[in-house]
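Mind the numbering: the sequence shown is residues 0 to 185 in numbering that gives the first Met the number 0, read in order. The beta-carbon is built from N, C-alpha and C at its ideal position, and this holds for glycine as well. These notes are about the structure you will find just below.
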Amino acid sequence: MAADATHAGTDTTYRARQLATGGARLLFTDMHANMRWHDGVLHIDGVISAHRTMASGRGLLLIPSVFAHKPAPPIHQDDPPVLAYPSRAVGTLWTPPPAPDATALADLLGAPRATLLRVLEEPLATTELARRLGVTPSAVSQHLRVLYATGLVTRARHGRQVLYRRSSLGDQLAHRPAEAAVSRGL
Numbered sequence: 000m001a002a003d004a005t006h007a008g009t010d011t012t013y014r015a016r017q018l019a020t021g022g023a024r025l026l027f028t029d030m031h032a033n034m035r036w037h038d039g040v041l042h043i044d045g046v047i048s049a050h051r052t053m054a055s056g057r058g059l060l061l062i063p064s065v066f067a068h069k070p071a072p073p074i075h076q077d078d079p080p081v082l083a084y085p086s087r088a089v090g091t092l093w094t095p096p097p098a099p100d101a102t103a104l105a106d107l108l109g110a111p112r113a114t115l116l117r118v119l120e121e122p123l124a125t126t127e128l129a130r131r132l133g134v135t136p137s138a139v140s141q142h143l144r145v146l147y148a149t150g151l152v153t154r155a156r157h158g159r160q161v162l163y164r165r166s167s168l169g170d171q172l173a174h175r176p177a178e179a180a181v182s183r184g185l
């Protein structure tokens, strides 16, 4: 559903530009091979039954859809003037997005914070993080402060310790391909 809305928005912007620069003729020129605009009339070939819908003064609602394979005018001539048509640019709709650059997270956060964010799959205390990464607790603490302030990690007190864990936003960022910088530590 969201993909259909995204492509529909892209198509709507394109169609608005076509209408603004060339009027109805340009608007319908490349909408579908079965459609043509001639002398103020929209002709649609290949529909199940021939009918006329007078849109004069009532407008015409255009509905782009990735699920339409040909234009679909209203079924009854008394229905409001609506036209569903195949949306543009659906060739890559179901293709997964390309994998992000493996170093992107380190480029964004810096290698130490990217490493720390990746390690925080489970709740861990500052001292345990420092032990695992082979750095001082104060170095870990400085980075955790920034990650917490930006909403990438959460913290909760557990007895005398404060445990840190990735937030949902941190999870989204950390679930990228592992990078070589992870093994370098802080």
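- In the DSSP assignment, A155 falls outside any alpha helix (DSSP H) and within the unbroken beta strand (DSSP E) covering V152 to H157.
- Secondary structure of V118 (DSSP, three-state): helix.
- Around the C-beta of D10, 16 or more other C-beta atoms lie within 10 Å, and the residue is accordingly described as buried.
- Restricting attention to beta strand (DSSP E) runs no shorter than 3 residues, the stretch 49–115 encloses them at 60–64 and 81–85, ordered along the chain.
- With fewer than 16 other Cβ atoms from the protein chains shown falling within 10 Å of its own Cβ, A98 counts as exposed.
- Pairing L108 with V118 gives a Cβ-Cβ distance that is not under 9 angstroms.
- For A155, the closest of A148, Y163 and T149 by C-alpha to C-alpha distance is Y163.
- Residue burial annotation: P70 is buried, with at least 16 other C-beta atoms found within 10 angstroms of its C-beta.
- Boundaries of the beta strand (DSSP E) around V161: Q160 to R165.
- Residues Y84 of the same chain have their beta carbon placed closer than 6 angstroms to that of M30, with the five preceding and five following residues left out of the count.
- DSSP places H37 in the uninterrupted beta strand (DSSP E) bounded by M34 to H37.
- When secondary structure is reduced to three states using DSSP, V40 falls in the strand class.
- In the DSSP assignment, the residues bridged to A124 are L162.
- If you draw a straight line from the Cα of V65 to the Cα of S86, it is about 5 angstroms long.
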